[in-house]
Amino acid sequence: NAGVTQTPKFQVLKTGQSMTLQCAQDMNHEYMSWYRQDPGMGLRLIHYSVGAGITDQGEVPNGYNVSRSTTEDFPLRLLSAAPSQTSVYFCASSYHRRASGGGTQYFGPGTRLLVL
Amino acid sequence: GESVGLHLPTLSVQEGDNSIINCAYSNSASDYFIWYKQESGKGPQFIIDIRSNMDKRQGQRVTVLLNKTVKHLSLQIAATQPGDSAVYFCAENMGKTSYDKVIFGPGTSLSVIP
Chain A
1 NAGVTQTPKF
11 QVLKTGQSMT
21 LQCAQDMNHE
31 YMSWYRQDPG
41 MGLRLIHYSV
51 GAGITDQGEV
61 PNGYNVSRST
71 TEDFPLRLLS
81 AAPSQTSVYF
91 CASSYHRRAS
101 GGGTQYFGPG
111 TRLLVL
Chain B
117 GESVGLHLPT
127 LSVQEGDNSI
137 INCAYSNSAS
147 DYFIWYKQES
157 GKGPQFIIDI
167 RSNMDKRQGQ
177 RVTVLLNKTV
187 KHLSLQIAAT
197 QPGDSAVYFC
207 AENMGKTSYD
217 KVIFGPGTSL
227 SVIP
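These protein sequence lines are chains A and B, in that order. Final position of the first sequence in the working numbering is 116; the numbers increase by one with none missing. Final position of the second sequence in the working numbering is 230; the numbers increase by one with none missing.
Quick look at the structure:
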């Protein structure tokens, strides 16, 4: 298994540009989520999904959109990038958290985004 | 608002010594806690978890202690090794209806001195 994969590894955007961060997992996990990590800080939850076709907001959802058309993929879209969105973005997946009472989340390697 | 926080932002320990990383939480409804390790340039990696019906849980060289009375969580690493150098995060789930929202603390950086 490849686990959780993220592309691209690095990206530089200009203010106002749009882009999609890709995330895929091959573990048949129902739950997927996106976090952002700013320098010297912990991870903040952006959006999450408990299954295909179901998404919900986390702590910091503004400026980001998500969709979950398949179990495997959970892309994160920045519609109009802002310098405040400069961060490292991590995707994670796990088995259905409510059914399993929590459990291990598997994280991808991250995407480093710089918005100028 | 309610949050998970850490007492010490940095910790330096001698190789071979035991390390203790502390975490405070404020939500008494939280019933599931997780410790993650993040090495430089990588995503967080699950270490160990504990539920609120337990006081202690042991893994390989790691032990998590939960004190619900004072809302305190700690991670103990025995015989700390250079490979343990990383940032450690505690995280919580705020109740069974909120297992979907895992909230992370700010992290503690552990440096192991050879």
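Positions of the beta carbon are idealized from the N, C-alpha and C atoms, including for glycine. Just so we're clear, the structure is a prediction, and the values are computed from it rather than from any experiment.
Endpoints, beta strand (DSSP E) assigned at residue i
{"i": "Leu79(A)", "result": "From DSSP, Leu79(A) is part of no beta strand (DSSP E); its letter is neither H nor E."}
{"i": "Asn65(A)", "result": "64-66"}
{"i": "Val50(A)", "result": "43-51"}
{"i": "Glu208(B)", "result": "202-209"}
{"i": "Thr70(A)", "result": "Premise fails: Thr70(A) is in no beta strand (DSSP E) and is neither H nor E."}
{"i": "Val60(A)", "result": "Unbroken run through Val60(A): none, as it is neither H nor E."}
{"i": "Leu116(A)", "result": "Looking at the DSSP string, Leu116(A) is not in any beta strand (DSSP E), and its letter there is neither H nor E."}
{"i": "Gln11(A)", "result": "10-13"}
{"i": "Ser144(B)", "result": "Run containing Ser144(B): none; DSSP gives neither H nor E here."}
{"i": "Thr224(B)", "result": "224-229"}
{"i": "Gln130(B)", "result": "126-130"}
Sheet register partners of residue i (DSSP bridge)
{"i": "His29(A)", "result": "Paired residue(s): none; His29(A) is not in a bridge."}
{"i": "Leu181(B)", "result": "Lys172(B), Ser190(B)"}
{"i": "Lys153(B)", "result": "Gln161(B), Tyr204(B)"}
{"i": "Arg167(B)", "result": "Tyr148(B)"}
{"i": "Thr86(A)", "result": "DSSP, once it has assigned bridges, lists no residue as partnering Thr86(A)."}
{"i": "Gln37(A)", "result": "Leu43(A), Val88(A)"}
{"i": "Thr5(A)", "result": "Ala24(A)"}
{"i": "Asn138(B)", "result": "Ser190(B)"}
{"i": "Tyr106(A)", "result": "Ser93(A)"}
{"i": "Thr111(A)", "result": "Tyr89(A)"}
9 Å Cβ cutoff, residue i in contact with chain B
{"i": "Asp73(A)", "result": "no"}
{"i": "Arg97(A)", "result": "yes"}
{"i": "Pro39(A)", "result": "no"}
{"i": "Leu114(A)", "result": "no"}
{"i": "Asp56(A)", "result": "yes"}
{"i": "Tyr64(A)", "result": "no"}
{"i": "Ser33(A)", "result": "yes"}
{"i": "Phe107(A)", "result": "yes"}
{"i": "Thr86(A)", "result": "no"}
{"i": "Arg44(A)", "result": "yes"}
Between the CA atoms of residue j and residue i - distance to the nearest angstrom
{"i": "Ser49(A)", "j": "Tyr31(A)", "result": "6 Å"}
{"i": "Met41(A)", "j": "Ser142(B)", "result": "19 Å"}
{"i": "Gln57(A)", "j": "Val66(A)", "result": "9 Å"}
{"i": "Lys158(B)", "j": "Val4(A)", "result": "12 Å"}
{"i": "Ser18(A)", "j": "Ala202(B)", "result": "33 Å"}
{"i": "Asp165(B)", "j": "Ile150(B)", "result": "4 Å"}
{"i": "Ile54(A)", "j": "Pro109(A)", "result": "24 Å"}
{"i": "Gln37(A)", "j": "Asp171(B)", "result": "30 Å"}
{"i": "Thr196(B)", "j": "Cys206(B)", "result": "18 Å"}
{"i": "Leu105(A)", "j": "Asp73(A)", "result": "The sequence as given places Gln at residue 105(A); Leu does not occur at that position. Near 16 Å, if we compare the C-alpha coordinates of Asp73(A) and Gln105(A)."}
{"i": "Thr71(A)", "j": "Asp133(B)", "result": "44 Å"}
{"i": "Gln176(B)", "j": "Lys14(A)", "result": "46 Å"}
{"i": "Tyr64(A)", "j": "Leu78(A)", "result": "5 Å"}
{"i": "Glu118(B)", "j": "Glu131(B)", "result": "Residue confidence is low: Glu118(B) scores 39 on pLDDT, short of 50, so the model does not pin down where it sits. No coordinate-derived value is stated."}
{"i": "Thr86(A)", "j": "Pro39(A)", "result": "10 Å"}
{"i": "Phe10(A)", "j": "Leu113(A)", "result": "6 Å"}
{"i": "Pro198(B)", "j": "Pro61(A)", "result": "37 Å"}
Neighbour flag for residue i against chain A, beta carbons, 9 Å
{"i": "Gly157(B)", "result": "yes"}
{"i": "Gln161(B)", "result": "yes"}
{"i": "Arg167(B)", "result": "yes"}
{"i": "Tyr148(B)", "result": "yes"}
{"i": "Asp216(B)", "result": "yes"}
{"i": "Pro222(B)", "result": "yes"}
{"i": "Asn209(B)", "result": "yes"}
{"i": "Leu124(B)", "result": "In this predicted model, Leu124(B) has a pLDDT of only 45, less than 50, meaning its place in the structure is not dependable enough to derive any value."}
{"i": "Ile219(B)", "result": "yes"}
{"i": "Glu118(B)", "result": "Summary for Glu118(B): the model assigns pLDDT 39, below 50, so the residue's position carries little reliability, and this model does not support an answer."}
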